[in-house]
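Residue numbers (this note's numbering): 2 to 53. All C-beta atoms in this analysis are idealised placements derived from N, C-alpha and C, irrespective of residue type, glycine included.
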């Protein structure tokens, strides 16, 4: 399966410390490529692994 470049990465940020983050990635045509529910440590690792 070909890996696609994520064009849009969304994360809802509130005004309070979050323990769980829901992250959604979409392709240029709007198709959802992934939806993830991550703990704070998983979220930090996920964000660090993304290309610039």
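With H, G and I counted as helix, E and B as strand and the rest as coil, what does DSSP make of residue i?
i	result
residue 52	coil
residue 27	strand
residue 41	helix
What separation, rounded to the nearest whole angstrom, lies between the Cα atoms of residue i and residue j?
i	j	result
residue 42	residue 35	19 Å
residue 28	residue 6	7 Å
residue 21	residue 49	17 Å
residue 46	residue 31	25 Å
residue 37	residue 23	6 Å
residue 52	residue 19	24 Å
residue 26	residue 40	17 Å
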